[in-house]
Amino acid sequence: MKVKWILMGMVLSAMVVGMTSVALAADAAEDYVQAPAAHWHEVDNDFMKKFHNPMEGLTMGLDIRLRQVYAENMFSMDQQYGDASAKNKNKNIWQYGRYRARWSAKYQLSEDIDFNTRLVWEFRDWHNPDYKNQDVDFDEALFDHMNVQIRNAFDMPLTLTIGRQDIILGTGWLVLDGTPYDGSRTIYFDAIRGTYELSDATKLDMIYIQQYDNETKWLKPLDHDITRHATNGQDERGLIFYLTNKCGDQQRELYYIFKNDENSGLSNSTTKDSDIHTIGGRLAGKLDENWSYSAELAKQWGKVDEESMRAWGTNNTLTYAFNDEKQSKVFVMYEFLSGDEPDTAASEQFETLWGDWPQSGRGGDLQSYIWSPEGNVGQVSNLQRLGFGHSFKPSDVWTMQTMYNLMWADERTYKNSGSGIGPWTTTFGNGKFRGQMFTGLLTYQCCKNFRTQFLLDYFLPGSYYDTSTNEAAMFARVNVEWTF
83 MKVKWILMGM
93 VLSAMVVGMT
103 SVALAADAAE
113 DYVQAPAAHW
123 HEVDNDFMKK
133 FHNPMEGLTM
143 GLDIRLRQVY
153 AENMFSMDQQ
163 YGDASAKNKN
173 KNIWQYGRYR
183 ARWSAKYQLS
193 EDIDFNTRLV
203 WEFRDWHNPD
213 YKNQDVDFDE
223 ALFDHMNVQI
233 RNAFDMPLTL
243 TIGRQDIILG
253 TGWLVLDGTP
263 YDGSRTIYFD
273 AIRGTYELSD
283 ATKLDMIYIQ
293 QYDNETKWLK
303 PLDHDITRHA
313 TNGQDERGLI
323 FYLTNKCGDQ
333 QRELYYIFKN
343 DENSGLSNST
353 TKDSDIHTIG
363 GRLAGKLDEN
373 WSYSAELAKQ
383 WGKVDEESMR
393 AWGTNNTLTY
403 AFNDEKQSKV
413 FVMYEFLSGD
423 EPDTAASEQF
433 ETLWGDWPQS
443 GRGGDLQSYI
453 WSPEGNVGQV
463 SNLQRLGFGH
473 SFKPSDVWTM
483 QTMYNLMWAD
493 ERTYKNSGSG
503 IGPWTTTFGN
513 GKFRGQMFTG
523 LLTYQCCKNF
533 RTQFLLDYFL
543 PGSYYDTSTN
553 EAAMFARVNV
563 EWTF
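The working numbering applies: residue 83 is where the sequence shown begins, and numbers increase by one.
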């Protein structure tokens, strides 16, 4: 309990500083937008310098995220949540707040060696659904960074990062979130990463990953009183070789990824054991002053339980920039993730590896939840997606992005490959059309230190879902974020 009050004090102190900043920005927004950041922060410049560098060799940082969520039918597209009684009408409503603070520190042990750590604490207050405790859940604090970074290792152009760290490769399509079960609280990997600079334009990342579903395996959280999942029900090992080449406006990526999953044995875990090999590549860059592209293709093989596996996926975006004062852009997207063919003994369902997170091309956050009855939160597969989008800046501090996605199932096989955690159920129809996703994202960013986002997703299900579970789903959230 003492730890919780200390952390709460840290959050409240930072909120006071942040809210003061917001009030000043509201009173003199025009002057602030035109003034350099150093001038605007002059009133607390000395304090912030001491906070960021309290002693020689030590650098600290702090960020705060406050989020409110309202959603309907996001897990099961059934307004009564499988219960037709009048007293439970509109049961499938979710309303809660998420409040996250992260304190980071880097200590320079020598010219080429740093020690990095970050402590994160996120608590929630629940209003709906009614089976959640209708109060504040203060939860726990944990270290999501704890690593040593060594540059010029062995007198070579090699950087080693050993320990708990964030890893994002390419667009994050297959490698971004090592801990999907806790949502966006953390994304860490327990890993050893070596980055070898082959030339000024080319580097090779070599990564070994060892993830445990039980979050207490390596670093037990503070005030931890339950055994919870970190992954989606499995212990994971991984080996990645990722080659990146940048030449002018063009970027080329080539990779091989091996991922081993084993059932963790924690409660509610029904994840299958698997050994999956993935080889793929991505090309991205400009075609001319207006057109740019990103094209990625991956092939998979191996085994899932006793079944042999062969699957493939692709993810592509073509963008046209008007190069006007509003920074207007339009884009078209196509994504394919193979589904399991019902007439074969093998598994053809594409595995998204460490890509179980709300990928923005598919919409906002809602698409991470509506697939849950077929796998896990964040896990998406058996998909063909055609998307259209537009973004522009109505002013220097506002950005508006809208997207429209049409989604189909590759196969009409409702193969649950996940842990099945949660009470939701979904029944399926006789078609392949998953539905239509409408997304709007409005962002206010006055400076690098403060950002506000307003997100709305609206999903209209299609013939892939049975009439008992094909009611529209909606997800809305507002974020307020400070970085100090």
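Glycine residues also receive a C-beta, built at the ideal position from the N, C-alpha and C atoms.
Quick one, are the C-beta atoms of residue 286 and residue 325 less than 8 Å apart?
Cβ atoms of residue 286 and residue 325: closer than 8 Å.
Of the listed residues 138, 152, 142, nearest to residue 561 (C-alpha basis):
152
What is the DSSP secondary structure of residue 550, counted as helix, strand or coil?
helix
Where does residue 273 fall in DSSP's three states?
strand
Once you ignore the five residues that flank residue 206 on each side, which residues in its own chain have a CB closer than 8 Å to its CB?
Cβ within range, chain order: 178, 179, 180, 181, 218, 219, 221.
Quick one: give me the first and last residue of the beta strand (DSSP E) that residue 461 is part of.
Element bounds for residue 461: n/a, residue is neither H nor E.
Starting from residue 127, trace the alpha helix (DSSP H) both ways and give me its first and last residue.
Per DSSP, residue 127 belongs to the alpha helix (DSSP H) from 127-134.
Burial state of residue 134, where buried means 16 or more other Cβ atoms lie within 10 Å:
exposed
Burial state of residue 415, where buried means 16 or more other Cβ atoms lie within 10 Å
buried
Let's test the definition: count the other Cβ atoms within 10 Å of the Cβ of residue 228 and tell me whether it reaches 16, buried, or not, exposed.
buried
Cβ contact (3+ pairs, closer than 8 Å) linking the segment 447-455 and the segment 401-410:
no
Can you check the segment 344-368 for any alpha helix (DSSP H) of at least 4 residues that lies completely inside it and give the ranges in chain order?
none
Looking at the structure shown, is residue 105 part of a helix, part of a strand, or coil, going by DSSP?
A caution first: residue 105 carries a pLDDT of 33, below 50, which makes its placement in the model unreliable, though a value can still be read off. Note: residue 105 maps to helix in three-state DSSP.
Which same chain residues end up closer than 7 Å to residue 494 when comparing Cβ atoms and leaving out the 5 residues on each side of it in sequence?
514
Got a sec, what are the start and stop residues for the alpha helix (DSSP H) residue 449 sits in?
449-452
Does the Cβ of residue 136 have 16 or more other Cβ atoms within 10 Å, making it buried, or fewer, making it exposed?
exposed
Span of the beta strand (DSSP E) holding residue 296?
Counting along the chain, residue 296 falls outside any beta strand (DSSP E), and DSSP gives it neither H nor E.
When you compare only the Cα positions, how much space is there between residue 401 and residue 486?
15 Å
Where the beta strand (DSSP E) containing residue 322 begins and where it ends
316-329
Taking its Cβ as the centre, do 16 or more other Cβ atoms sit within 10 Å of residue 373, making it buried, or is it exposed?
exposed
Is it true that the CB of residue 463 sits closer than 8 Å to the CB of residue 418?
no
Whole-angstrom C-beta distance between residue 259 and residue 274, which should lie under 8 Å:
Going by Cβ atoms, the distance from residue 274 to residue 259 rounds to 19 Å, so no, they are not a contact pair.
Classify residue 247: buried if its beta carbon has 16 or more other beta carbons within 10 angstroms, exposed otherwise.
buried
Leaving out five residues on either side along the sequence, give the residues of the same chain with a beta carbon under 8 Å from the beta carbon of residue 369.
375
Suppose the cutoff is 7 Å on Cβ atoms and the five residues either side in sequence are ignored; what does the same chain contact list for residue 555 look like?
154, 155, 156, 159, 448, 452, 541
Pick out whichever of 353, 391, 335 has its Cα sitting closest to the Cα of residue 367.
335
Measure the beta-carbon distance from residue 422 to residue 385 and round it to whole angstroms, keeping in mind my assumption that it falls under 8 Å.
At roughly 14 Å, the Cβ-Cβ gap does not stay under 8 Å, so residue 422 and residue 385 are not in contact.
Identify every run of the beta strand (DSSP E) within the segment 164-222, keeping only runs that are complete inside it and at least 3 residues long; order them along the chain.
175-192, 195-210
For a quick check, are the C-beta atoms of residue 387 and residue 354 less than 8 Å apart?
In contact: residue 387 and residue 354 (Cβ atoms closer than 8 Å).
Which of the three DSSP states, helix, strand or coil, is assigned to residue 236?
Here residue 236 carries a helix assignment [DSSP, helix/strand/coil].
Closest Cα partner of residue 333 within the set 252, 230, 456
252
Buried or exposed, going by whether 16 or more other CB atoms sit within 10 Å of the CB of residue 140?
exposed
Distance CB(residue 317)-CB(residue 349) smaller than 8 Å:
no
Would you tell me roughly how many angstroms separate the C-alpha atoms of residue 437 and residue 261, rounded to the nearest one?
10 Å
Could you check the C-alpha separation between residue 549 and residue 511 for me, to the nearest Å?
7 Å
Specify the secondary structure class of residue 494 as computed by DSSP and reduced to three states.
coil
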